[in-house]
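Worksheet: one structure, shown below.
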Amino acid sequence: MPRVIIPSLLQAVTDGAREVTAEGETVGQALASLTQRYPAAESRLFQEDGALRPHVNLFVNDEDIRFLGGLDTPVGENDEILIIPAMAGGA
Amino acid sequence: MSVAGLVCSLCGERFPVSAQYVCTECFGPLEVAYDWEAVRQRLTSEPFPCHTSSLWRYRALLPVNEIPPNDLGAGFTPLHPAERLAKEIGLEELWIKNDTVNPSYSFKDRVVALAVATAQQMGIPVVACASTGNLASALAAHAARAGLPAYLFVPADLEPEKILGAAVYGPHIIGVKGTYDDVNRLCIQIADRYGWGFVNINLRPFYAEGSKTLAFETVEQLGWDLPDHVVVPAAGGSLATKIAKGFQELLDLGLVFGERPRVSIAQAAGCAPIVRAWEAGLDHVEPVRPQTIARSLAIGNPADGVLALKTIRETGGAAAAVTDEEIIEGIRLLARTEGIFAETAGGVTVAALRKLVAQGHIRPDERTVLYITGNGYKTVSALEGQASAPPVVEPRLADFERWYATHSSAQAVELRPAGFPAASQGGVHPCPE
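If you read the sequences in order, they're chains P and Z.
Take the working numbering: the final residue in the first sequence is number 109, and no numbers are missing along the way.
Take the working numbering: the final residue in the second sequence is number 567, and no numbers are missing along the way.
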């Protein structure tokens with residue numbers, strides 16, 4: 019099952035967990051299983067219309083999902099999903 | 135104290151002052167919130183001290199209120215009238231803000247000055263950054279002066295001269311395989327885990343405020359007057375956003391009057407996510423994989439891209455992307471006409487200015503300021519093969535004259551055109567004391 023790496027700003031709503039094992043065959047399904055387990059994470063990650071918040075960046079094995087298949091990117095047994103804020107860097 | 139706390143630039147949620155940089159509610163970037171009444175009072179009793187010839191002159195409008203001990207003196211760089219470049223490009227009045235002459239030779243000294251002072255105030259023991267080179271050098275210099283250990287994370291294939299320009303100050307440098315965006319992703323994780331003061335990550339709200347001083351200085355050096363249009367290089371998008379904010383703050387405080395300057399941005403065609411979004415009319419920025427000689431602007435996933443887009447649209451600016459050939463030509467044009475040797479990012483800015491004027495986005499009668507943010511000696515390898523080897527003569531006058539006779543007729547002697555620009559020379563505003 020894919021692992022989701024939780025940034026510290028979300029750990030308050032994941033009972034302090036830094037890493038969560040998720041269910042699902044796509045990034046979207048894995049996040050759905052995460053928010054099912056930790057309902058408070060839902061509004062942090064998604065807008066009211068269900069779209070991912072614009073400043074939430076997701077990576078599968080270090081690749082930005084926007085270069086892959088977005089939330090439909092398939093994830094397998096040993097894949098790592100990284101959630102990080104779209105933040106920082108540069109001028 | 136003029137800082138009231140931190141505020142989310144997306145949802146408006148407020149937070150106390152700390153090394154927090156992301157809104158816990160919506161992941162939006164935080165920025166410094168000021169107590170404007172306190173700022174006004176401070177400006178009444180203690181205006182901008184004109185004996186301070188660094189960015190700390192404007193400390194009443196910055197999140198650090200006192201000049202830190204061991205300061206390196208970033209900022210208050212010259213604003214030059216650029217008559218010859220203006221003529222080449224087709225503008226009536228052009229000024230160059232020459233930030234190549236900062237302590238570590240780029241505008242990054244401004245932001246780092248704020249970040250390191252903040253780290254010292256917060257008692258953060260280690261400073262760090264993700265960098266395309268200029269920031270690494272600026273942080274290494276400021277950390278050396280402040281006596282703080284520094285960890286610099288850079289793309290492993292960075293230009294050797296940029297590595298050297300940071301290594302000389304004695305920091306820990308870690309090369310990371312991948313692009314700047316990969317470096318940045320790693321650093322966000324390290325910042326999250328270790329609590330170090332990453333100047334452009336968790337100290338970013340304070341760091342980014344340093345860029346406002348480019349707007350403050352421009353206005354003061356124009357004799358407390360506003361430009362009509364400014365052209366700013368864009369990587370992460372913060373610089374353009376903060377320069378616009380600086381102008382707006384001076385307008386809001388009644389320190390200057392007139393129209394808010396139009397802000398246009400410049401990117402390299404090989405990494406132009408903000409320009410592409412502007413051209414396509416998008417309100418979000420699609421990431422790209424950078425491929426350009428302008429390494430200091432090679433950020434494919436700009437953190438403040440959305441804010442930069444908003445700034446361009448709200449101020450009526452535009453955006454232009456230029457090829458690597460145009461960048462080289464831009465560097466040479468600026469050096470040849472104005473005597474300023476800029477790094478590749480400066481070549482981008484000059485070439486984009488030319489394009490924006492040619493496309494009619496900048497009108498010939500607009501008083502325009504060009505921000506040149508890094509020194510040419512940082513990216514000399516980009517100019518390899520651009521200068522032909524000089525002729526060699528024997529140390530005898532006859533030998534020189536033989537060479538001169540064959541070449542002097544071919545040399546066009548260009549005379550400097552008469553006349554000066556309409557506006558006064560930029561310089562230190564007369565001290566009222």
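Heads up, the beta-carbon is just placed ideally off N, CA and C, and yes, glycines get one too.
Residue i classed as buried or exposed, judged by whether at least 16 other C-beta atoms fall within 10 angstroms
i	result
residue 319 of chain Z	buried
residue 93 of chain P	buried
residue 546 of chain Z	For residue 546 of chain Z, the predicted model reports a pLDDT of 45, less than 50, meaning its position is unreliable; a value from the coordinates is still stated below. So residue 546 of chain Z ends up on the exposed side.
residue 520 of chain Z	exposed
residue 515 of chain Z	exposed
residue 541 of chain Z	exposed
residue 276 of chain Z	buried
residue 350 of chain Z	buried
residue 407 of chain Z	buried
residue 391 of chain Z	exposed
residue 412 of chain Z	buried
residue 142 of chain Z	buried
residue 342 of chain Z	buried
residue 564 of chain Z	Low local confidence applies: a pLDDT of 48 at residue 564 of chain Z is under 50, so the model's placement there is unreliable, with the coordinate-based value given in what follows. It is exposed - the Cβ of residue 564 of chain Z has fewer than 16 other Cβ atoms within 10 Å.
From the options, residue whose alpha carbon lies closest to that of residue i
i	options	result
residue 173 of chain Z	Z:316, Z:155, Z:192 and Z:223	Z:192
residue 313 of chain Z	Z:331, Z:264, Z:299 and Z:328	Z:264
residue 492 of chain Z	Z:140, Z:222, Z:270 and Z:196	Z:222
residue 288 of chain Z	Z:301, Z:282 and Z:141	Z:301
residue 27 of chain P	P:72, P:62, P:40 and P:46	P:62
residue 159 of chain Z	P:19, P:38 and P:31	P:31
residue 346 of chain Z	Z:336, Z:433 and Z:383	Z:383
residue 154 of chain Z	Z:538, Z:329 and Z:450	Z:329
residue 459 of chain Z	Z:453, Z:479 and Z:451	Z:479
residue 496 of chain Z	Z:200, Z:522 and Z:454	Z:454
residue 204 of chain Z	Z:416, Z:251, Z:245 and Z:290	Z:251
residue 380 of chain Z	Z:522, Z:370 and Z:396	Z:396
residue 163 of chain Z	P:73, P:19 and P:77	P:73
residue 448 of chain Z	Z:499, Z:421 and Z:374	Z:374
residue 212 of chain Z	Z:353, Z:522 and Z:389	Z:353
Continuous alpha helix (DSSP H) stretch holding residue i: start and end
i	result
residue 139 of chain Z	That residue, residue 139 of chain Z, is in no alpha helix (DSSP H); its beta strand (DSSP E) goes 137–142.
residue 254 of chain Z	242–256
residue 300 of chain Z	294–301
residue 38 of chain P	Segment 37–39 is the beta strand (DSSP E) holding residue 38 of chain P; no alpha helix (DSSP H) there.
residue 511 of chain Z	Segment: none, residue 511 of chain Z is in no alpha helix (DSSP H) and carries neither H nor E.
residue 46 of chain P	45–55
Near the ligand GTP: residue i beta-carbon under 7 angstroms from a heavy atom
i	result
residue 390 of chain Z	What this structure holds is no ligand at all, so the ligand GTP is not there to describe.
Integer-rounded CB distance, given that residue j should sit under 8 angstroms from residue i
i	j	result
residue 91 of chain P	residue 45 of chain P	5 angstroms
residue 240 of chain Z	residue 209 of chain Z	So it is not a contact: roughly 12 angstroms between Cβ atoms.
residue 468 of chain Z	residue 474 of chain Z	5 angstroms
residue 253 of chain Z	residue 337 of chain Z	6 angstroms
residue 258 of chain Z	residue 331 of chain Z	4 angstroms
residue 207 of chain Z	residue 181 of chain Z	At roughly 20 angstroms, the Cβ-Cβ gap does not stay under 8 angstroms, so residue 207 of chain Z and residue 181 of chain Z are not in contact.
Start and end residues, beta strand (DSSP E) containing residue i
i	result
residue 286 of chain Z	284–289
residue 262 of chain Z	261–264
residue 231 of chain Z	227–232
residue 68 of chain P	Note, residue 68 of chain P: premise wrong, no beta strand (DSSP E); not H, not E.
residue 528 of chain Z	Here residue 528 of chain Z belongs to no beta strand (DSSP E), and DSSP marks it neither H nor E.
residue 103 of chain P	98–103
Neighbouring residues, chain A, relative to residue i (Cβ below 9 angstroms)
i	result
residue 83 of chain P	Of the protein chains in the structure, P and Z, none is chain A.
Give, in chain order, every residue of the stretch 448–482 of chain Z whose Cβ lies closer than 7 angstroms to some Cβ of chain P. none
Which residues, taken in chain order from the stretch 395–416 of chain Z, show a beta carbon closer than 9 angstroms to some beta carbon of chain P? none
Residues within the stretch 52–76 of chain P neighbouring chain Z, beta-carbon criterion of under 9 angstroms: Residues of the stretch 52–76 of chain P whose Cβ lies closer than 9 angstroms to any Cβ of chain Z, in chain order: 61, 62, 63, 65, 71, 72, 73, 74 and 75.
Residues in the stretch 158–188 of chain Z having any Cβ partner in chain P nearer than 8 angstroms: 158, 159, 160, 161, 162 and 163
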